[in-house]
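Participant: The listed protein sequences correspond, in order, to chains F and P. The numbering of the first sequence is our numbering, which starts it at 326 and goes up by one. The numbering of the second sequence is our numbering, which starts it at 1492 and goes up by one. We put the CB at the ideal spot given by N, CA and C, even for glycine. Below you'll find the structure I mean.
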Amino acid sequence: METINYQNFRIEAENICVDYNGKVALYDANLRLKPGQICGLVGMNGAGKTTFFNALTGFVNISKGKIRINGESVRSAQKDQTIAYVPQNEGIDSQFPISVWDVVMMGRYGSMNIFRCPRESDVQAVKDAIERVDLTDHLSTPIGNLSGGQRKRTFLARAIAQRASILLLDEPFSGVDIRTEKLISELFIQFKNEGKTILLSTHDMIHVREFCDLVLLINKTVVAYGETSEVFTPENITTTFGGISPDFLFGPES
Amino acid sequence: MELCSFLTLDSFITDPLTHDFMRKALLMSSIVAAVCGFLSSYLTLKGWALMGDAVSHSVMPGVVVAYALGLPFSLGAFIFGVGSVALIGFIKQKSRVKEDTVIGLVFTGFFALGIVLVSKIKSNIDLHSILFGSPLGISLSDVKQTILISLLVVILLSVFRKDLMLYCFDPRHAKTVGINVFFLHYLLLTCLSLAAVVGLQSVGIILVVAMLITPGATAYLLTDKFDNMTVISVLSAIISSLIGIYVSFWFDLETGGSIVLAQTFIFLFAFLFAPRYGIFKLKKLFAGYK
């Protein structure tokens, strides 16, 4: 087991910019996260949340700035399976002919040989991961036959099987049932205790208050970043959402 | 009389086998069908039907130029196939024109260039056989080339089977865990160009896209498992080829068209009666009788 130095940064993003063919999607964004921290990524649609994730995983190239993952480049983080990405349900083809087992096994691909033949240890990792998300009864179920919550758990299991130290979750709570929500929140506590670092995007303000130590409010660039209790204020949220009052977003109670 | 020989299934099948050209056609078309069927699973899942159409049409000038220069036609086809995709990507990036428009624009341009070249370059290229296929007139050198290319494609697809499946399913995850997505993208394109080349021999350039998408679509309706999908896709492609060639032999029909029609009928059958995804859901019908 690796020893975790809780003082080192897991994610360091400095002044990163991303543009798609000249269209700026994100500029001068900064983020620093340590092991065991859970950070919420909050912003409107098109504010650059997915772009931020894509930059951290290396799915898009940054045009400026610097990203360090565990002190190393994104490229070596990919090689080391450091980051796991859990897509939002809308982001995957649910009709793809593939079973729960096969999806979770994909979490092990990066560390397998070129033919992707599962070793004993891979099989065990997949079994354990599926057990942790409580899908053991659905090993060979095609993902098309799962509920939204079960599908979300399948992709969480893939991240667990990958044994990544950083988890990026895109809208983990959208379209899931109460049971899944409870299971995810339990997993978050376990992940935190294991020293994993979690960055999650969400539309739901209540989940930010409930789970996130830190919050990053973005609208093409960072609007505010810091401890949730300090930064997650109605004023900052209003700025993030382009002047829409938090009453409208939260409901009257806040 | 020919009609009488139909009466026994046995002679329906064995009579054509007495002809050398028929044996060769059946063998070649089965190989081509297997290759295209294998690739078909990936193309349908990746949503590359239109790309398949584009590449298969764009290889035309490559084939003509290669013939004219005495090079293997697979080389010319490969260059123009991959080139067309690169050009599509370039125009899409540098202009405001939408992708499907760019695809349609580029492949028809390449195709037209091919037709013009055929009319200009004086050679013994038979336009009809390129456009509509000529499985009954395959030469020995074509046989060798087809087998070689088919083997290459099957080996590539088999080795990178799981990576390609992951690439089709979730390229973002593939990239995140350090799998070379760029390589897989071009691997799939390469296989597509090569399959288009072997496919155009049996059904011709216009219909080869059917070989590349119909078997996969049929299989997609019949199973929820990726490996089964590949197997069903390959089998349905081979069966269609055999049916098409036999039917064209006995009824004196265009062979390429018959093969593709057979595929279409198999698809329609799956569309209507597939156990889970068919309109009439056979499984339910049977369950009703129990």
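1. So, with DSSP's three-state summary, where would you put THR466(F)?
2. Since TYR1711(P) meets chain F, which of its residues come closer than 9 Å, beta carbon to beta carbon?
3. Here's the rule I'm using: 16 or more other beta-carbon atoms within 10 Å means buried, otherwise exposed. How should ILE1770(P) be labelled?
4. I'd like to know whether the C-beta of LYS580(F) is nearer than 8 Å to at least one C-beta of chain P.
5. Apply the 10 Å Cβ neighbour rule to LYS1781(P) and answer buried if 16 or more other Cβ atoms are within range, or exposed otherwise.
6. Please name the residue or residues paired with ASN544(F) in a DSSP beta bridge.
7. Cβ-heavy atom distance between SER1620(P) and the ligand MN below 7 Å?
8. Give the interface partners of MET1720(P) over in chain F, defined as CB-CB distance under 7 Å, in chain order.
9. Can you tell me whether DSSP reads GLU578(F) as helix, strand or coil?
10. 8 Å is my cut-off, CB to CB: does ASP1544(P) come that close to chain F?
11. Hey, quick one: how far does the beta strand (DSSP E) through ASP495(F) stretch, first residue to last?
12. Quick one, which of MET1519(P), LEU1500(P), SER1532(P) and LEU1508(P) has its alpha-carbon nearest LYS1635(P)'s?
13. Does the structure place the stretch 433 to 449 of chain F close enough to the stretch 1645 to 1661 of chain P that three or more beta carbon pairs sit under 8 Å?
14. Since GLN487(F) meets chain C, which of its residues come closer than 8 Å, beta carbon to beta carbon?
15. Taking ARG478(F) and LEU460(F) to be in contact with their CB atoms under 8 Å, please state how far apart those CB atoms are, rounded to whole angstroms.
16. Taking Cβ to Cβ, would you say SER526(F) is nearer than 8 Å to LEU366(F)?
17. Which residue's Cα is closest to the Cα of PHE566(F): PHE334(F), MET369(F) and LYS348(F)?
18. Only counting runs of 3 or more residues, tell me where the beta strand (DSSP E) segments fall wholly within the stretch 334 to 416 of chain F, in order along the chain.
19. Are the stretch 1549 to 1568 of chain P and the stretch 1751 to 1763 of chain P touching by the rule of at least three beta carbon pairs closer than 8 Å?
20. Which stretch, first to last residue, makes up the beta strand (DSSP E) that contains ILE523(F)?
21. Do SER1575(P) and SER1610(P) have their C-beta atoms within less than 8 Å of each other?
22. Taking only three categories from DSSP, how would you classify GLY551(F)?
23. Going by beta-carbon coordinates alone, are ALA1524(P) and ILE1729(P) separated by less than 8 Å?
24. Give the residues of chain P in contact with ARG478(F), contact being defined as C-beta atoms less than 9 Å apart.
25. Is SER424(F) helix, strand or coil when you go by DSSP?
26. Beta-carbon separation of PHE1529(P) and VAL1751(P) under 8 Å?
27. May I ask you to list the residues that DSSP assigns as paired with LEU1562(P)?
28. Would you list, in chain order, the members of the stretch 1575 to 1592 of chain P that have their beta-carbon closer than 7 Å to a beta-carbon of chain F?
29. Taking just the CA atoms, how far does LEU524(F) sit from LEU1733(P)?
30. How close, in whole Å, do the beta carbons of VAL547(F) and LEU541(F) come, if the pair is a contact with beta carbons under 8 Å?
31. Assign LEU539(F) to one of three DSSP states: helix, strand, or coil.
32. Between the C-alpha atoms of CYS342(F) and VAL399(F), what's the straight-line distance to the nearest angstrom?
33. On the criterion of 16 or more Cβ atoms from any shown chain inside 10 Å, does HIS1619(P) qualify as buried, or is it exposed?
34. Can you tell me whether GLN487(F) is buried or exposed? The criterion is at least 16 other CB atoms within 10 Å of its CB, across all chains shown.
35. Does the stretch 342 to 361 of chain F come within contact of the stretch 547 to 557 of chain F, defined as at least 3 CB pairs closer than 8 Å?
36. Quick check: what's the CA-CA separation for PHE1601(P) versus THR1637(P)?
Facilitator: Taking the structure as given:
1. Residue numbering aside, residue 466(F) sits at position 141 when the first sequence is read from its first letter. In the displayed model, THR466(F) falls within coil according to three-state DSSP, outside both helix and strand.
2. Sequence index remark: in the second sequence, residue 1711(P) carries index 220 (1-based). Correct list: GLN420 and PRO422.
3. Within the second sequence, residue 1770(P) is the residue found at index 279, counting from 1. The residue in question, ILE1770(P), is exposed, as its Cβ has fewer than 16 Cβ neighbours within 10 Å.
4. Examination of residue 580(F) is not possible in this model, given that chain F is present from 326 through 579 alone.
5. Counting from 1 along the second sequence, the entry for residue 1781(P) is found at position 290. Note on LYS1781(P): pLDDT 44, under 50, position unreliable in the model; no value is reported.
6. Within the first sequence, numbered from 1, the residue matching residue 544(F) stands at position 219. The partner list for ASN544(F) (beta bridge, DSSP) reads THR546(F).
7. Judged by which ligands are present, the structure shown has none, so any question about the ligand MN falls away.
8. Here the question's residue 1720(P) lines up with position 229 in the second sequence. Result: PRO422.
9. Reading the first sequence from its first residue, position 253 is the one you call residue 578(F). Note that GLU578(F) has pLDDT 42, beneath the 50 cutoff, so the model's placement of it is unreliable and no number is given.
10. Taking the first residue of the second sequence as 1, we reach residue 1544(P) at position 53. Cβ-Cβ to chain F under 8 Å: no for ASP1544(P).
11. For the purposes of this step, residue 495(F) is identified with residue 170 of the first sequence, where counting begins at 1. Run containing ASP495(F): 491 to 495, per the beta strand (DSSP E) assignment.
12. Walking along the second sequence from the start, residue 1635(P) turns up at place 144. With distances taken between Cα atoms, LYS1635(P) lies closest to MET1519(P).
13. yes
14. Chain labels in this structure do not include chain C; the protein chains are F and P.
15. The sequence position of residue 478(F) within the first sequence is 153, counting from 1. The sequence position of residue 460(F) within the first sequence is 135, counting from 1. With 8 Å as the limit, ARG478(F) and LEU460(F) qualify as a contact, their Cβ atoms being about 6 Å apart.
16. Start at 1 with the first residue of the first sequence, and residue 526(F) comes out as number 201. Start at 1 with the first residue of the first sequence, and residue 366(F) comes out as number 41. Yes, Cβ-Cβ distance for SER526(F) and LEU366(F) is below 8 Å.
17. Within the first sequence, the letter at position 241 stands for residue 566(F). The shortest Cα separation from PHE566(F) among PHE334(F), MET369(F) and LYS348(F) belongs to MET369(F).
18. Fully enclosed beta strand (DSSP E) runs of 3 or longer: 336 to 345, 348 to 358, 363 to 367, 389 to 394 and 408 to 411.
19. The stretch 1549 to 1568 of chain P, when compared against the stretch 1751 to 1763 of chain P, does not touch it at the 8 Å Cβ threshold.
20. In the first sequence, residue 523(F) corresponds to position 198, counting from 1. Where ILE523(F) is concerned, the enclosing beta strand (DSSP E) stretches over 522 to 526.
21. Within the second sequence, residue 1575(P) is the residue found at index 84, counting from 1. Within the second sequence, residue 1610(P) is the residue found at index 119, counting from 1. In this structure, SER1610(P) does not lie closer than 8 Å to SER1575(P) by Cβ.
22. The sequence position of residue 551(F) within the first sequence is 226, counting from 1. Residue state, collapsed to three classes: strand.
23. Taking the second sequence and counting its residues from 1, one reaches residue 1524(P) at position 33. Taking the second sequence and counting its residues from 1, one reaches residue 1729(P) at position 238. For ALA1524(P) and ILE1729(P), yes; Cβs fall inside 8 Å.
24. As a working note, residue 478(F) is residue 153 in the first sequence. Going along chain P, no residue has its Cβ under 9 Å from ARG478(F), so there is no contact; the nearest lies around 16 Å.
25. Counting from one through the first sequence, the residue named residue 424(F) turns up at place 99. It is a strand residue.
26. On the second sequence, residue 1529(P) is found 38 positions in, with the first residue counted as 1. On the second sequence, residue 1751(P) is found 260 positions in, with the first residue counted as 1. Contact flag unset, no.
27. Sequence index remark: in the second sequence, residue 1562(P) carries index 71 (1-based). DSSP, once it has assigned bridges, lists no residue as partnering LEU1562(P).
28. GLN1584
29. Residue 1733(P) sits at position 242 when you count from the first residue of the second sequence. Residue 524(F) sits at position 199 when you count from the first residue of the first sequence. Approximately 55 Å, taken between the alpha carbons.
30. By one-based count along the first sequence, residue 547(F) stands at place 222. By one-based count along the first sequence, residue 541(F) stands at place 216. With a Cβ gap of about 6 Å, VAL547(F) and LEU541(F) count as contacting.
31. Position 214 of the first sequence, counted from the first residue, corresponds to residue 539(F). Here LEU539(F) sits in strand by DSSP.
32. As a working note, residue 342(F) is residue 17 in the first sequence. As a working note, residue 399(F) is residue 74 in the first sequence. In this structure, the alpha-carbon of CYS342(F) lies about 15 Å from that of VAL399(F).
33. Within the second sequence, the letter at position 128 stands for residue 1619(P). Exposed, because fewer than 16 other Cβ atoms sit within 10 Å of the Cβ of HIS1619(P).
34. Along the first sequence, one-based indexing puts residue 487(F) at 162. Classification of GLN487(F): buried, given that the 10 Å Cβ count is 16 or more.
35. Result yes; three or more Cβ-Cβ pairs closer than 8 Å.
36. Position 110 of the second sequence, counting from 1, holds the residue named residue 1601(P). Position 146 of the second sequence, counting from 1, holds the residue named residue 1637(P). Going by the C-alpha atoms only, they are around 23 Å apart.
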